[in-house]
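Engineer: Take this structure, written in structure tokens, and hold onto it; I'll ask about it next.
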Amino acid sequence: MKGKVCVFGSFNLDVVAVMNRFPMPGESLTAHNSMMGPGGKGANQATAALRAGARVHYIGKIGNDDFGMFARRHLEKTGFDAITLFTCKEKPTGNALIYVAGDDAENMISVYPGANTTVTAAEVTRCQPTVAAADILLVQLENNLSAIQRMIDNACAGGTFVIMNPAPWQKVSDALLAKVDLLTPNSTEAMQLSGVKVTDFASAQRAAEVLHRKGARQVIITLGTSGALLSVAGQAPLRIPLFPAQPLDTTGAGDAFNGALAARLASGDELTQAALFAAAYASLCVERSGAAHSMPSYAEALARLQAYPECVPETLGECV
510 MKGKVCVFGS FNLDVVAVMN RFPMPGESLT AHNSMMGPGG KGANQATAAL RAGARVHYIG
570 KIGNDDFGMF ARRHLEKTGF DAITLFTCKE KPTGNALIYV AGDDAENMIS VYPGANTTVT
630 AAEVTRCQPT VAAADILLVQ LENNLSAIQR MIDNACAGGT FVIMNPAPWQ KVSDALLAKV
690 DLLTPNSTEA MQLSGVKVTD FASAQRAAEV LHRKGARQVI ITLGTSGALL SVAGQAPLRI
750 PLFPAQPLDT TGAGDAFNGA LAARLASGDE LTQAALFAAA YASLCVERSG AAHSMPSYAE
810 ALARLQAYPE CVPETLGECV
């Protein structure tokens, strides 16, 4: 039976330029490809959770503009179980400018949050029954922190499991971290949250220990080409391996991982197995261009997972 995932998060219109390298300050470079499409961490992760097998209710906020009309049309045909989409008259729909460059398809992103940061207390209250009915609440930090905090409080009151992907980084209190069931930073965000510079598995483990002391009970730190560290307070950490992939665009990799992780936890998978599936899912995402449009299906991720039986969480060495 499919689990229920409620995703509260941003919608942005993405404009992507694909280049051989990133431009230097003051330099103009010609891109060899460009595209425009749906994005935003909330919408991306909701799409990933849906395609990874969950029933999804997406909650977001857009502007009263052309980008907002695009967002509404896109979201309505995505296939979510339900959508709660608030509208802001004062600020436009969020948007992002994305550069993708080099053989590793690394990215640089500039985000204008717009309406995403105008979610009110009254709007959060309207979503309380939805959050309480979900198995998982998945949030990021691309909305105003006041709304995120209230949404998490509603989840805690309703007994809903909370996943926070702390991206893009905002300063959050230890009290809020203590309300989160699973924290999923990347290496940069883990450093910003913990004060520990994260460069490898050992330093990620030290950062996770700091985050546990701050109240985060379960932590997954994604480490790019080194896989991910899974750490549960009081237990030995595990390394989630990197699945083989031919990267084309890494823009949506973190969102793919988080959405798939939420979907599998909602379905009843235990954390280690859910994280392993999410790693396989993300490896497919980076082989495709774009963010929301690049999310693979459950069947595709399961096939990749089964194709590499040697990629197991107990393996501390890199999977090749």
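Just so you know, we're using the working numbering here: the sequence shown kicks off at 510 and counts up by one.
We put the CB at the ideal spot given by N, CA and C, even for glycine.
Just so you know, these numbers come straight off a predicted model, no measurement behind them.
#1: What is the residue span of the alpha helix (DSSP H) that V705 lies within?
#2: Quick test of your reading: A810 and A561, contact by CB under 8 Å. State the CB separation rounded to the nearest angstrom.
#3: If we require 4 or more residues per run, which alpha helix (DSSP H) segments fall completely within the region 572 to 613?
#4: Quick check: what's the CA-CA separation for T693 versus K723?
#5: Quick check: what's the CA-CA separation for R530 versus D523?
#6: Please report how far the alpha carbon of N604 lies from the alpha carbon of R813, in whole angstroms.
#7: Pick helix, strand or coil for T731, following the three-state DSSP scheme.
#8: If we call anything under 8 Å between Cβ atoms a contact, is S703 one with A684?
#9: Quick test of your reading: T587 and I568, contact by CB under 8 Å. State the CB separation rounded to the nearest angstrom.
#10: Report the start-end ranges of each alpha helix (DSSP H) in the region 750 to 817 that is 4 residues or longer and not cut off at the edges.
#11: Given a cut-off of 8 Å on the beta-carbon distance, is the pair A762 and A737 in contact?
#12: Suppose the cutoff is 7 Å on Cβ atoms and the five residues either side in sequence are ignored; what does the same chain contact list for D764 look like?
#13: Reducing DSSP to helix, strand and coil, say where R722 ends up.
#14: Any beta carbon of chain B sitting closer than 8 Å to that of M528?
#15: From S537 to M528, what does the alpha carbon distance come to, in whole angstroms?
#16: Along the chain, where does the alpha helix (DSSP H) that runs through N663 open and close?
#17: Would you report the Cα separation of Q649 and F766, rounded to the nearest angstrom?
#18: Are P677 and V620 close, meaning C-beta to C-beta below 8 Å?
#19: With DSSP collapsed to three states, give me the class of F517.
#20: Given Q658, which residues of its chain have a CB within under 7 Å of its CB, disregarding the five upstream and five downstream residues?
#21: Taking contact to mean at least 3 C-beta pairs separated by less than 8 Å, is the region 772 to 783 in contact with the region 751 to 759?
#22: For R530, name the three-state secondary structure that DSSP assigns.
#23: Under the assumption that A624 contacts K600 (Cβ atoms under 8 Å), give the Cβ distance between them as a whole number of angstroms.
#24: Taking only three categories from DSSP, how would you classify D523?
#25: For D758, does the count of other Cβ atoms within 10 angstroms reach 16, so buried, or fall short, so exposed?
#26: Are the CB atoms of V453 and A656 nearer to each other than 8 Å?
#27: Flag this pair as yes or no: are the beta carbons of D574 and T602 separated by less than 8 Å?
#28: What is the residue span of the alpha helix (DSSP H) that V640 lies within?
Structural biologist: Inspection of the coordinates gives the following:
#1: Within the sequence shown, numbered from 1, the residue matching residue 705 stands at position 196. No alpha helix (DSSP H) contains V705, which DSSP labels as neither H nor E.
#2: As a working mapping, residue 810 is identified with position 301 in the sequence shown. As a working mapping, residue 561 is identified with position 52 in the sequence shown. Contact flag correct, Cβ pair sits at about 7 Å.
#3: Segments of the alpha helix (DSSP H) lying fully in the region 572 to 613: 575 to 585.
#4: Counting from 1 along the sequence shown, the entry for residue 693 is found at position 184. Counting from 1 along the sequence shown, the entry for residue 723 is found at position 214. Taking the straight line joining both Cα atoms gives about 14 Å.
#5: As a first step, residue 530 must be located in the sequence shown, where it is residue number 21. As a first step, residue 523 must be located in the sequence shown, where it is residue number 14. Straight-line measurement puts the Cα of D523 at about 19 Å from the Cα of R530.
#6: Here the question's residue 604 lines up with position 95 in the sequence shown. Here the question's residue 813 lines up with position 304 in the sequence shown. Between N604 and R813, the C-alpha separation is close to 32 Å.
#7: As a first step, residue 731 must be located in the sequence shown, where it is residue number 222. Looking at T731 - three-state DSSP - the assignment turns out to be strand.
#8: In the sequence shown, residue 703 corresponds to position 194, counting from 1. In the sequence shown, residue 684 corresponds to position 175, counting from 1. S703 places its beta carbon 8 Å or farther from that of A684.
#9: Position 78 of the sequence shown, counted from the start, is the residue given in the question as residue 587. Position 59 of the sequence shown, counted from the start, is the residue given in the question as residue 568. Not really, about 14 Å apart at Cβ, beyond 8 Å.
#10: You should have 762 to 776, 780 to 794 and 807 to 816.
#11: Stepping through the sequence shown from its first residue, residue 762 is reached at position 253. Stepping through the sequence shown from its first residue, residue 737 is reached at position 228. Judged by beta-carbon spacing, A737 lies beyond the 8 Å limit of A762, meaning their Cβ atoms are not closer than that value.
#12: Within the sequence shown, residue 764 is the residue found at index 255, counting from 1. These residues qualify, in order along the chain: K550, N553, Q554, A557 and A800.
#13: Within the sequence shown, numbered from 1, the residue matching residue 722 stands at position 213. Note: R722 maps to helix in three-state DSSP.
#14: Of the protein chains in the structure, only one exists, and it is not chain B.
#15: Counted from its first residue, the sequence shown places residue 537 at position 28. Counted from its first residue, the sequence shown places residue 528 at position 19. In this structure, the straight-line span from the alpha carbon of S537 to that of M528 is close to 11 Å.
#16: Here residue 663 is taken as the residue at index 154 of the sequence shown, counted from 1. Start and end: L654 to G667.
#17: Reading the sequence shown from its first residue, position 140 is the one you call residue 649. Reading the sequence shown from its first residue, position 257 is the one you call residue 766. Rounded to whole angstroms, Q649 to F766 spans 13 Å at the Cα level.
#18: Locating residue 677 in the sequence shown gives position 168, where the first residue counts as 1. Locating residue 620 in the sequence shown gives position 111, where the first residue counts as 1. Contact: yes.
#19: In the sequence shown, the residue the question calls residue 517 occupies position 8. Here F517 sits in strand by DSSP.
#20: To locate residue 658, count along the sequence shown from 1; it is residue 149. By the criterion of a C-beta distance shorter than 7 Å, Q658 is surrounded in its chain by L685, once the five residues flanking it on both sides are discounted.
#21: Segments in contact, no.
#22: Within the sequence shown, numbered from 1, the residue matching residue 530 stands at position 21. Looking at R530 - three-state DSSP - the assignment turns out to be coil, as it is neither helix nor strand.
#23: As a position in the sequence shown, residue 624 is number 115, starting the count at 1. As a position in the sequence shown, residue 600 is number 91, starting the count at 1. Rounded to the nearest angstrom, the Cβ distance from A624 to K600 is 5 Å, consistent with a contact under 8 Å.
#24: Locating residue 523 in the sequence shown gives position 14, where the first residue counts as 1. Correct three-state label for D523: strand.
#25: To locate residue 758, count along the sequence shown from 1; it is residue 249. Buried.
#26: An answer regarding residue 453 cannot be provided, because it is not within the stretch 510 to 829 covered by the chain.
#27: On the sequence shown, residue 574 is found 65 positions in, with the first residue counted as 1. On the sequence shown, residue 602 is found 93 positions in, with the first residue counted as 1. Closer than 8 Å, so yes.
#28: Position 131 of the sequence shown, counted from the first residue, corresponds to residue 640. First-last of the alpha helix (DSSP H) with V640: Q637 to A642.
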